[in-house]
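Take the sequence shown: its letter number 206 is residue 609 in this note's numbering, and every next letter is one higher.
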Amino acid sequence: MSQPNLFPDDNNQQVALEANPDPHLVAQLRRSAAWAAFGDAMGFISELTDERGLRRRTEGRALTTTMPWKRRIGGRSGVQAQLPSGCYSDDTQLRLATCRSLSGGQFDVETFARIELPVFPAYALGGGLGTKAAATNLARPSTPWFANTYKNWFNGGGNGAAMRIQPHVWAAHAHNSRETMMRDVLRNTVCSHAHPIAILGAYLHATSVDFALSNRVLPTIDDVAQFLADASQIVDVMDDDRDGLRNWKAAWQSASSRSFASSWNDVVAEIGRCTDAARRIQPEAADYYPDLLRTLGLFDSERRGSGAHTALAAVLLASWSAPPSERIEAATRAVGSDTDTIATMAGAILGCVADVHPHGEVLDSAYIEAEVERISGFADATAMRPHHYPDLLTWSAPRTQADALCLDGDQLHVAGLGDVAETLSDPMSSQDGRFAWQWVRLEIGQTLLVKRRPDLEQLAEGNRTSPPARYSTRAATPASVRDVGVSAAAINQAPTLDSGLKSIDLDEVLTWLEGQDFDDKSIGFALRRMAVRGTPAQTASFLAILLDRLSESGGSSRRGGR
């Protein structure tokens, strides 16, 4: 069966925003999400432990479905927390973060990188060191998503990106926008993971889910070989994305002193050899899956969390002939491997063709399904609005993990994610009493175990949220670039693309730029903001005023020019 072409000649095609209302497709997406979350919740119980530890967590019960259990949160100085039945890990948490950054088939990489990832460590249940390091660095206002550079950033090869990219595939099928799917998968990935082995993992998982949705059958090992044969075109996708990926690739090559294309081809060849080795394992054997993990080296600590190797294991597990529940159980029983990530990625693939939902309870299942329906465009638009994010011009990420939970007046609030609908536990204090963890449920429907301070600070005024972005139905009036005589008040009466917080206010943008001393990065961000969210008249006037301001200062900013 042929793989659909994900690399058309015209990489700048307009994204189709009309949703596909096909009920069968939406049912596929729901089951893909449900099996992914179920696999995560099951595998979370057996993650990072041994057989003895697993028996302690399950209290001697067989791990055949989800159940309540206990786990230490926050390291040695943290707390022993009771986790409810169906509690999922960072895999599903980051997948939901990706969902919230999708609207109308389009991915807002800025809100994902600047808001979702920096807030994530405050409530992360698990999460690799690479993801957390990247998230911490993205909290700095000067760090763009395509240049998230810190010590050894170019070596991040874990599976923390591959496990979260399924929503791009779901949205692409629902909105007939598969021509931009791989670009968005790559943008999502490089926010936190830079090594080709991590990027190949995201690519391989995305193509596996895409294949299952397109053909309504699971990919075979021959299909995986074809995915790898097509992978060389990823470099072209990067080069064609002038807004970020091409710049990211140049930064990676400079930092690593390597050719990305050459490194990419080396990794693809390595996974090709692993695929050939996997062909020699008999799928009919009772110990097929443990043999597969041993062949791929996924019981070894140095490779356990590899993006490409776990993605390969997941697709081969998904294509195994056992019933879906047995495939998930096989992943969760393989203690010493990355149980939750392989199980969740396999679940996302096999769920595309499964005719049943998983049999176990999953925390926040209603919210997970609602997000899938929202990004698919299947739900009532008034009931399933895009997530309300703060304005990136005024947003400031929490200073530490413990600062994400704050007060908005008397209302508990999680920065970037919204108000708390109810508290589900009292704060559980660390041994030194400096921090605590508390179960809360957000108004959007997600349950979090969030780190907090004993005394909460008030929400920063610039972090407040407003209604989501929407296009005006009125036509904008063009203006001359040199028409600086138009007042800001008159311009602001023109039809605009609502920013998701307030209408574009030209005076506010210019005041903000003055506060930044018109430095180059701030000018670039403000210009992008005006181009994306303002009318042609506003953008033209902004450029005219900006040119006058810069000419007055000799063409350079007051922070050192270029």
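Ideal placement from N, C-alpha and C gives every residue a C-beta, glycine not left out.
Secondary structure within the segment 509-550: the alpha helix (DSSP H) runs of 4 or more consecutive residues, fully enclosed, are 532-541 (chain order). Rounded to the nearest whole angstrom, the C-alpha separation of residue 732 and residue 863 is 45 Å. Ranked by Cα distance from residue 739, the first of 588, 867, 453 is 453. In the three-state reduction of the DSSP assignment, residue 727 falls in the helix class.
The C-alpha of residue 768 lies about 40 Å from the C-alpha of residue 654. Nearest to residue 806 by alpha-carbon distance, out of 613, 526, 586, 448, is 526. The C-beta distance from residue 566 to residue 747 rounds to 6 Å, short enough to fall under 8 Å. Checking the DSSP bridge columns, you'll see residue 578 has no partner listed. The segment 460-480 and the segment 788-803 do not touch, with fewer than 3 CB-CB distances between them shorter than 8 Å. Contact between residue 450 and residue 492 holds, since their C-beta atoms are separated by about 7 Å, short of 8 Å.
Less than 7 Å separates the beta-carbon of residue 568 from that of residue 605. When secondary structure is reduced to three states using DSSP, residue 765 falls in the coil class, being assigned neither helix nor strand. In the DSSP assignment, residue 818 falls outside any beta strand (DSSP E) and carries neither an H nor an E. Below 8 Å, enough C-beta pairs join the segment 710-725 and the segment 614-630 to call them touching: three or more. With contact defined as three or more Cβ pairs closer than 8 Å, the segment 687-704 and the segment 656-670 are not in contact. Annotated three-state conformation of residue 850 is strand, per DSSP. Looking from the CA of residue 852, the closest CA among 516, 841, 861, 860 belongs to 841.
If you draw a 10 Å sphere on the C-beta of residue 465, you find fewer than 16 other C-beta atoms in it, and that means exposed. The residues 844, 845, 846, in chain order, have a CB closer than 7 Å to that of residue 824 in the same chain once the five nearest residues on each side in sequence are set aside. Under the three-state reduction of DSSP output, residue 738 falls in the strand class. For residue 780, the closest of 469, 501, 681, 507 by C-alpha to C-alpha distance is 507.
Contact check for residue 494 against residue 504 fails: the beta carbons are separated by 7 Å or more. Looking at the backbone, the Cα of residue 617 and that of residue 914 are separated by about 49 Å. Secondary structure of residue 604 (DSSP, three-state): helix. Here residue 502 carries a helix assignment [DSSP, helix/strand/coil]. Under the DSSP assignment, residue 809 falls in the beta strand (DSSP E) whose first and last residues are 808-811. Under the DSSP assignment, residue 438 falls in the alpha helix (DSSP H) whose first and last residues are 426-449. By the CB criterion at 7 Å, residue 433 and residue 775 fall inside the cutoff.
Spanning the alpha carbons of residue 536 and residue 429 requires a straight line of approximately 35 Å. Of the residues 589, 440, 619, 490, the one whose Cα lies closest to the Cα of residue 758 is 619. At a Cβ-Cβ threshold of 7 Å, residue 613 and residue 572 count as neighbours. With a cutoff of 7 Å on beta-carbon distance, residue 795 and residue 517 are scored as near each other.
The three-state secondary structure of residue 682, taken from DSSP, is coil. With distances taken between CA atoms, residue 641 lies nearest to 588 out of 680, 744, 588. Taking the Cβ atoms as the reference, residue 765 lies roughly 5 Å from residue 441, within the contact range of under 8 Å. Rounded to whole angstroms, residue 679 and residue 652 show a C-alpha spacing of 29 Å.
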